[in-house]
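Numbering (our numbering), first residue to last: 178 to 593.
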């Protein structure tokens, strides 16, 4: 927060540069009244880092703290004959940030102290764990504007190209209690020493719609991590690998249920999204293993809307040695009140269908009644049900709908 005369300037956002439309906002506040706002879209670093551009070093030390106190229980099946495990835990995270702006790039080093107190460990003793973490984040952004680029059929009216580059370093360099001494109730109980360097490059292409409003129609992302101490950090699944403040990319095994071979690099993650304001959109994501030189995961999907009231999707999900599934689904609003949707998924690896579903829906304005038939081949189940969808609850109510929607990835009704 800064001050200009009698007004305070409050910087906000973005939460993370990987957001579809990261933005930075500056609100001018006079008392309790917001007197002005400045918006900067496509900004690559957070509000704290943005504030350092207008202040000195001593004014840019940010101390944050989070405290969690929980009562944890773990129950076992009656057939095991094991008593319920129960304990109290207090978790305090204190973090000091010191962001610097060097005009063309930004550097945000930090140090974090995590104190976790356990009422009981595996042998019934009280324990207090100290975990120290340090690291930094370096970001930059390169952009150019090309108004002469136009492709009216695809909805491209001018082009703005933004390249966002990010590098992160994180190191849990000290812990007073190893994870093996604690009962793993939650991910925080499995944190230990860990070190990684993460790299991410995102290219974003923006244009304007017919109303002259900017939107992103194409994005390309590449991300990978490097592990300096590969023997310690990559030969097993590590919770520290994806728990904040570390990057989100996890270490994977060669196959489900198999061992984790030693490796210096994580899988190379890629993601491409093409979403013009037209009749279709296309997305591609996957993982490439640089150690074995093989693609381990790929998901391709294409959604289409040939006319108003009809939307569909065709997608393929391939996991090496596990599945190669083709998905087809569509929803058709036959009238303003009646809609029907059909969904199916076939696994070429297994040689049979995984799931089929058909839904007929009647809209009563504030709510909808749906007749649903589901066929689960993996569990050999047939189900017929009638669902009530409370549309008056907004998005929360619509989540109860069984109508197939290409923008929703879950297809198991239990996930709703």
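Glycine included, every Cβ here is placed at the ideal spot set by N, Cα and C. Remember, it's a predicted structure, so these values are computed and weren't measured experimentally.
Inset, instruction - Compute the Euclidean distance between the alpha carbons of residue 382 and residue 320, then round it to the nearest angstrom. - result: Counting from one through the chain shown, the residue named residue 382 turns up at place 205. Counting from one through the chain shown, the residue named residue 320 turns up at place 143. CA-CA distance, residue 382 to residue 320, rounds to 10 Å.
Legend entry - Cβ neighbour criterion (16 or more within 10 Å) applied to residue 555: As a working mapping, residue 555 is identified with position 378 in the chain shown. Exposed, since its Cβ has fewer than 16 Cβ neighbours within 10 Å.
Legend entry - Residue nearest to residue 398 in terms of C-alpha spacing, selected from 462, 457 and 576: As a position in the chain shown, residue 398 is number 221, starting the count at 1. Nearest C-alpha to residue 398: 462.
Legend entry - Given 8 Å, three or more beta-carbon pairs between the stretch 329-338 and the stretch 374-388: Segments in contact, yes.
Legend entry - Selected residue, minimal CA-CA separation from residue 271, among 350, 425, 240 and 280: In the chain shown, residue 271 corresponds to position 94, counting from 1. If we check each option's Cα against that of residue 271, 240 comes out closest.
Inset, instruction - With residue 264 as the anchor, note down where its beta strand (DSSP E) starts and where it stops. - result: Reading the chain shown from its first residue, position 87 is the one you call residue 264. Where residue 264 is concerned, the enclosing beta strand (DSSP E) stretches over 262-274.
Inset, instruction - Using the DSSP secondary-structure output, state which residues sit across from residue 245 in a beta bridge. - result: Reading the chain shown from its first residue, position 68 is the one you call residue 245. In DSSP, residue 245 forms a bridge with 268.
Legend entry - Euclidean distance between Cα positions of residue 493 and residue 308: For this step, residue 493 is matched to residue 316 along the chain shown. For this step, residue 308 is matched to residue 131 along the chain shown. Cα-Cα distance, rounded: 42 Å.
Inset, instruction - Tell me whether residue 489 sits in a helix, a strand or coil according to DSSP, three-state version. - result: Taking the chain shown and counting its residues from 1, one reaches residue 489 at position 312. DSSP places residue 489 in strand when its eight states are reduced to three.
Inset, instruction - Can you tell me which of the three DSSP states residue 409 falls into? - result: In the chain shown, the residue the question calls residue 409 occupies position 232. Correct three-state label for residue 409: helix.
Inset, instruction - Tell me residue 651's beta-bridge partners as DSSP assigns them. - result: With the chain covering 178 to 593 only, the question about residue 651 has no answer from this structure.
Legend entry - Cα-Cα separation, residue 204 to residue 363: Numbered from its first residue, the chain shown carries residue 204 at position 27. Numbered from its first residue, the chain shown carries residue 363 at position 186. Using only the alpha carbons, I get a separation of about 38 Å.
Legend entry - Reduced DSSP category for residue 511 - H, G, I as helix; E, B as strand; rest coil: Taking the first residue of the chain shown as position 1, residue 511 is located at position 334. Residue state, collapsed to three classes: coil.
Inset, instruction - Tell me residue 250's beta-bridge partners as DSSP assigns them. - result: In the chain shown, the residue the question calls residue 250 occupies position 73. Residue 250 pairs with 263.
Inset, instruction - Give the DSSP bridge partners of residue 297, in chain order. - result: Along the chain shown, read from residue 1 onward, the residue named residue 297 stands at position 120. DSSP output for residue 297 lists no bridge partner at all.
Legend entry - Buried or exposed by the 16-neighbour rule on C-beta atoms within 10 Å, applied to residue 579: Translated into the one-based positions of the chain shown, residue 579 becomes position 402. That one is buried.
Legend entry - Which listed residue (388, 343 and 417) has its alpha carbon closest to that of residue 310: If you number the chain shown from 1, residue 310 lands on position 133. That would be 417, whose Cα lies nearest to the Cα of residue 310.
Legend entry - C-alpha distance - residue 262 paired with residue 303, whole-angstrom precision: Position 85 of the chain shown, counting from 1, holds the residue named residue 262. Position 126 of the chain shown, counting from 1, holds the residue named residue 303. One C-alpha to the other measures close to 14 Å.
Inset, instruction - Note down the Cα distance separating residue 372 from residue 250, rounded to an integer number of angstroms. - result: Against the chain shown, residue 372 aligns to sequence position 195. Against the chain shown, residue 250 aligns to sequence position 73. The straight-line gap from Cα to Cα measures roughly 31 Å.
Inset, instruction - Grab the span of the beta strand (DSSP E) containing residue 257 for me, first residue to last. - result: Here residue 257 refers to the residue found at position 80 of the chain shown. Unbroken run through residue 257: none, as it is neither H nor E.
Inset, instruction - Determine the burial state of residue 581: buried for a count of at least 16 other Cβ atoms within 10 Å of its Cβ, exposed for fewer. - result: As a first step, residue 581 is located in the chain shown; it is residue number 404 there, counting from the start. Residue 581 comes out buried.
Legend entry - Alpha carbon of residue 466 to alpha carbon of residue 460, nearest angstrom: Locating residue 466 in the chain shown gives position 289, counting from the first residue. Locating residue 460 in the chain shown gives position 283, counting from the first residue. Distance between the alpha carbons of residue 466 and residue 460 is about 20 Å.
Inset, instruction - Answer with buried or exposed for residue 473, where buried requires no fewer than 16 other C-beta atoms within 10 angstroms of its C-beta. - result: Counted from its first residue, the chain shown places residue 473 at position 296. Flag for residue 473 reads buried.
Inset, instruction - Output the distance between the C-alpha atoms of residue 370 and residue 411, rounded to the nearest integer angstrom. - result: Here residue 370 refers to the residue found at position 193 of the chain shown. Here residue 411 refers to the residue found at position 234 of the chain shown. CA-CA distance, residue 370 to residue 411, rounds to 12 Å.
Legend entry - Proximity winner among 312, 259, 352 and 318, relative to residue 165 (alpha-carbon distances): There is simply no residue 165 to check, as the chain begins at 178 and stops at 593 in what is shown.
Inset, instruction - Go through the stretch 427-483 residue by residue and report every complete run of the beta strand (DSSP E) that reaches 3 residues or more, in order. - result: Here the runs fully enclosed are 445-451, 457-466 and 471-481.
Inset, instruction - For residue 364, name the three-state secondary structure that DSSP assigns. - result: Stepping through the chain shown from its first residue, residue 364 is reached at position 187. Helix.
Legend entry - Closest Cα partner of residue 405 within the set 430, 414, 437 and 442: Locating residue 405 in the chain shown gives position 228, where the first residue counts as 1. Check the Cα spacing between residue 405 and each of 430, 414, 437 and 442: the tightest is with 442.
Inset, instruction - Tell me whether residue 506 is buried or exposed, calling it buried when 16 or more other Cβ atoms sit within 10 Å of its Cβ. - result: Position 329 of the chain shown, counting from 1, holds the residue named residue 506. With 16 or more Cβ atoms within 10 Å of its Cβ, residue 506 is classed as buried.
Inset, instruction - Measuring alpha carbon to alpha carbon, tell me which of 245, 457, 534 and 516 ends up nearest residue 266. - result: Indexing the chain shown from 1 puts residue 266 at position 89. Nearest C-alpha to residue 266: 245.
Legend entry - Collapsed DSSP secondary structure at residue 370 in the structure displayed: Counting from 1 along the chain shown, the entry for residue 370 is found at position 193. In the structure shown, residue 370 sits in coil (DSSP, three-state: anything other than H, G, I, E or B).
Legend entry - Coil, strand or helix - residue 559 by DSSP: Indexing the chain shown from 1 puts residue 559 at position 382. Three-state result, residue 559: strand.
Legend entry - For residue 393 and residue 198, the rounded distance between their alpha carbons: Working through the chain shown from its first residue, we reach residue 198 at position 21. Working through the chain shown from its first residue, we reach residue 393 at position 216. Its pLDDT being 47, under 50, residue 198 is placed unreliably in this model, and the coordinates cannot settle the point.
Inset, instruction - Output yes or no for whether 8 Å exceeds the beta carbon distance between residue 274 and residue 312. - result: Along the chain shown, read from residue 1 onward, the residue named residue 274 stands at position 97. Along the chain shown, read from residue 1 onward, the residue named residue 312 stands at position 135. Not closer than 8 Å, so no.
Inset, instruction - Between the Cα of residue 327 and those of 524, 487, 453 and 440, spot the shortest distance and give me the residue it belongs to. - result: Numbered from 1 along the chain shown, position 150 holds the residue referred to as residue 327. Of the candidates 524, 487, 453 and 440, the one whose C-alpha sits nearest the C-alpha of residue 327 is 453.
Inset, instruction - Pull up the distance between the alpha-carbon of residue 526 and that of residue 374, whole angstroms please. - result: The count along the chain shown starts at 1 and reaches residue 526 at position 349. The count along the chain shown starts at 1 and reaches residue 374 at position 197. Spanning the two alpha carbons is a distance of roughly 36 Å.
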